[in-house]
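Student: In this text, residue positions in the sequence shown follow my numbering: the first is 40, and each later residue adds one.
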Amino acid sequence: MTTSHSNRWVLLVTVAAGLLLITLDNSVLYTALPTLTRELHASQTQGLWIINAYPLVMAGLLLGTGTLGDRIGHRQMFLIGLVLFGIASLVAAFSPSANILIAARAFLAVGAAAMMPATLALIRVTFIDERERNIAIAIWGSLSVVGSALGPIVGGFLLEHFWWGSVFLINVPVVIVAFLSTLIVAPKGETDHSKPWDLISSLQALVALLALVIAIKESAHAGQSWLVPAGAFVVAVVASILFVRRQSRLTFPLLDFSIFRNAAFSSGVMAAAFAMFAIGGIQLVTTQRFQLVAGFSPLEAGLLDSAAALGSLPTAMLGGAFLHKIGLRILIAGGLAAASLAVVLATWGVTHGLGWLIVGMVLTGAGVGAAMSVASTAIVGNAPVHRAGMASSVEELSYEFGSLLAVAFLGSLLSAIYTFSIVMPVGAPEAVRESMGGALALAAEAGPDGQAIIDAASQAFDRGYLTVMYVVAVVLAVGALVTAVLLRNYGPGSQSSIYSSH
């Protein structure tokens, strides 16, 4: 089904609005979490699950919803996802307790998982011209960084002017407008009800991811008992093996592993995961560090995080427009390598002034933006049209998995380094070791001795912050090296850097 020129770009704006909602809700709580924890009397564990329930459930369902879209239609999936997302946003906004908010965030993820593969699949089937499609997908990809960076700003702004539920309530009007626009401009497309949809495979993927995140999180707080993280890791391995074996036996698998033999496809998946791991990790620890140690307000910390988005926008747009001239290798491998060096530069902000951090984050965004601008094109452009949903779900799973691992691993690493490296002042309560936020609260009650507690906690937190940043730099460097090898035949002017529609 063809779509008029103007309707194609209206459709792009529509699905971009949906994607912006999804990515905003991934990061909007980075600045809102301290307020949510206080207002809902949430424990530290509940606070982590308020953040993680959303990306975890979404990542676990993406493969299933993408393939379901191939069966019943991506327009239908996008509409269903919008409705679920809107309802879940209302529930989250008025949650009376932390546990209900966690459940609402999980429900929000169901709507997001239905919407997200459909956003990219609709672009894939609507933009027939290859050059237009590259530009459209580049715009789509850049919004992942923009939405992720805007989240802390939006959260900080709303918390300074409204109650905490407003960070969820703002989704509702956008959902309504996007729903009406989709009804008007989105092509109905073709459906294939002969393809079975495998719920068991989707549940296996969800269990594997859930167990892996629990294993990572609990490892940071295991102490003398490694029973829980070890058990969770075993469950993750078993569920993963069962998932892979099941896919090999299905006529219509949720994930066709043979597609990973394509170097461009695999490199796109890795680029998306590495990029979102870096952006998600940097945003998470930077907002915490500058609120807790430097005394920034939520809005100020959010604005600081936006530096990465400012850097990513130009390179993301230009990368998609000039892919046919530059080639995948320079944009993906070169972008990740540049971002790795920029993260190291950003660490100077702790000791040499805030300006170094801002410059480093802008340059990190520029490198990541270049890679992400074509990662989606590399993935979707190397899949057949009738598997657009599967390719889109793999692409978005790589985004979500990168963000999820950043929160789970880097958040736990920061907490562990703080706990194990803090040099306790004489007479300070043991609870100071538990968290920087707790240390600040205890310092306020300690009178003249409070400053010693603050100094010790700040030094330990900075050690954790710097370590996390260096880990991000190393991960980006590894990503650059691996993708450079895989894409050795995808340089400037290479015919293989321009994708056929299969």
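For every residue, glycine included, the Cβ atom is placed at its ideal position computed from N, Cα and C. For clarity, every value in this text was computed on a predicted model and none was experimentally measured.
Taking only three categories from DSSP, how would you classify M463?
Tutor: coil
Student: For T41, which residues in the same chain have their Cβ closer than 6 Å to its Cβ, ignoring the five residues on either side in sequence?
Tutor: In this prediction, T41 scores a pLDDT of 46, lower than 50, which makes its location untrustworthy; no coordinate-derived value is stated.
Student: Which residues bound the alpha helix (DSSP H) around T390?
Tutor: 388-391
Student: Have a look at M356, P353, F329, T354 and flag the residue whose alpha-carbon is nearest the alpha-carbon of D344.
Tutor: F329
Student: With DSSP collapsed to three states, give me the class of P292.
Tutor: coil
Student: Distance, Cα to Cα, V433 vs Y93?
Tutor: 18 Å
Student: Hey, is T354 close to the ligand ATP, as in C-beta under 6 Å from one of its heavy atoms?
Tutor: The ligand ATP is not among the ligands present in this structure, which contains no ligands whatsoever.
Student: Count the other CB atoms within 10 Å of the CB of Y509; is the residue buried (16 or more) or exposed (fewer)?
Tutor: Exposed: under 16 other Cβ atoms inside 10 Å.
Student: Would you decide whether V507 is buried or exposed? Buried here means 16 or more other CB atoms lie within 10 Å of its CB.
Tutor: buried
Student: Compare the Cα-Cα distances from L520 to each of A347, G320, T165, S306 and report the closest residue.
Tutor: S306
Student: Determine, using beta-carbon pairs with one atom in the stretch 124-134 and one in the stretch 166-176, whether at least three such pairs fall under 8 Å.
Tutor: no
Student: If we count the other Cβ atoms within 10 Å of its Cβ and call it buried at 16 or more, is I280 buried or exposed?
Tutor: exposed
Student: In terms of residues, what are the limits of the alpha helix (DSSP H) holding V216?
Tutor: 210-224
Student: When the Cα atoms are used, what is the spatial distance from L375 to V517?
Tutor: 9 Å
Student: Measuring only the C-alpha atoms, how far is T53 from M154?
Tutor: C-alpha of T53 to C-alpha of M154: approximately 12 Å in a straight line.
Student: Out of S412, Q115, A417, L59, which one is the CA nearest neighbour of I298?
Tutor: A417
Student: Quick one: residues in its chain with C-beta nearer than 7 Å to the C-beta of W88, no 5 flanking neighbours on either side, listed in chain order?
Tutor: I141
Student: Between which residues of its own chain and I139 is the CB-CB distance below 8 Å, once the five residues before and five after are set aside?
Tutor: V130
Student: Once the 5 residues before and after L58 are set aside, which same chain residues still bring their CB inside 6 Å of it?
Tutor: T158, L182
Student: What is the DSSP secondary structure of W88, counted as helix, strand or coil?
Tutor: helix
Student: In three-state DSSP terms, what is H80?
Tutor: In this structure, DSSP gives H80 a state outside helix and strand, which the three-state scheme calls coil.
Student: Which stretch, first to last residue, makes up the alpha helix (DSSP H) that contains P156?
Tutor: 137-165
Student: Does the Cβ-Cβ distance between V193 and V67 come in under 7 Å?
Tutor: yes
Student: Comparing C-alpha positions only, which one of A71, L219, G190, S379 sits nearest to I119?
Tutor: L219
Student: Please state if the CB of G399 and the CB of A414 are separated by a distance shorter than 7 Å.
Tutor: no
Student: How many angstroms separate the CA atom of D494 from the CA atom of L349?
Tutor: 33 Å
Student: Rounded to the nearest angstrom, what separates L526 and L198 at their Cα positions?
Tutor: 45 Å
Student: Looking at the secondary structure, which residues open and close the alpha helix (DSSP H) in which R114 lies?
Tutor: Under the DSSP assignment, R114 falls in the alpha helix (DSSP H) whose first and last residues are 113-132.
Student: Between I90 and the rest of its own chain, which residues show a CB-CB distance below 7 Å, the 5 nearest in sequence each way excluded?
Tutor: L68, L72, V446
Student: By DSSP, does N173 sit in helix, in strand, or in coil?
Tutor: Correct three-state label for N173: helix.
Student: The alpha helix (DSSP H) that contains A372, what's its start and end?
Tutor: Here A372 belongs to no alpha helix (DSSP H), and DSSP marks it neither H nor E.
Student: What number of angstroms, rounded off, separates the C-alpha of W387 from the C-alpha of L453?
Tutor: 18 Å
Student: Taking the beta carbon of H113 as the centre, do at least 16 other beta carbons fall within 10 Å, making it buried, or is it exposed?
Tutor: Buried, by the Cβ-count rule.
Student: Hey, V407 and A372: beta-carbon distance below 7 Å or not?
Tutor: no
Student: State the start and end residues of the unbroken alpha helix (DSSP H) segment that holds S305.
Tutor: 302-331
Student: Exposed or buried, which one is I162 when buried takes at least 16 other CB atoms within 10 Å?
Tutor: If you draw a 10 Å sphere on the C-beta of I162, you find 16 or more other C-beta atoms in it, and that means buried.
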